[in-house]
Structure formats: structure tokens, C-alpha cells
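Residues 575 to 655 in my numbering are what the sequence shown spells out, letter by letter.
Note that CB positions come from ideal geometry on N, CA and C, so glycine has one too.
None of the values given here were measured: they were computed from a predicted structure.
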Amino acid sequence: MVWCLFTFHGTVIAGGFGAFCYLSSQQLLDTVNGALVVAVVGSFLGLLAVAAPGVDSAALTQGGSWAAVPATLPVVALSFV
């Protein structure tokens, strides 16, 4: 039952955005798109500001363990999917 509610709400949201894109003028779409881009960039910069104190800059300049590289390859390959 819960799955049906999520599917229904997702369909309503997608339909609302689709109707908005279909019925809006290009100028309004450009304005909304610009605002959404600013929101995404702002949230990314906020995440960087929160995470910056936890960065160990000395670990970035030291040599890594090349023996650990093969274990990371499946994760790297999965990130491309």
C-alpha cells in the first residue's frame, strides 16, 4: 500500500512539472531554471563549507598505498553506472 502512495505522489509531481514546462513561457522556464541552478550550486558550496574542517590536507600530499587500489576498482566502476 505504501508503495502505491509513493508511486501516486511521484506521478503527480512529475505531471505537475511536465504541465508547468508545457504551459509556461520560455522566459519563465529560464528564470526557474536559473533559480534551481543557483540553489544546487549554493547547496554544494554549503556542503563544502561544512566538510572543509574535516579535510586532512597532509594526507593529500603524502604518497598513498598503491596496494589498496585493486580493491577500489569495483566501486569506481559502479560509480559510472
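If you scan the segment 577-649 from start to end, which runs of the alpha helix (DSSP H) of 4 or more residues do you find wholly inside it?
-> 600-625 and 631-635, all fully within the segment 577-649.
Alpha carbon to alpha carbon, what distance is there between V586 and N607?
-> Locating residue 607 in the sequence shown gives position 33, counting from the first residue. Locating residue 586 in the sequence shown gives position 12, counting from the first residue. Those two C-alpha atoms are separated by around 20 angstroms.
Have a look at V615 and T605 and give me their C-alpha separation to the nearest angstrom.
-> Within the sequence shown, residue 615 is the residue found at index 41, counting from 1. Within the sequence shown, residue 605 is the residue found at index 31, counting from 1. Cα to Cα, V615 sits roughly 15 angstroms from T605.
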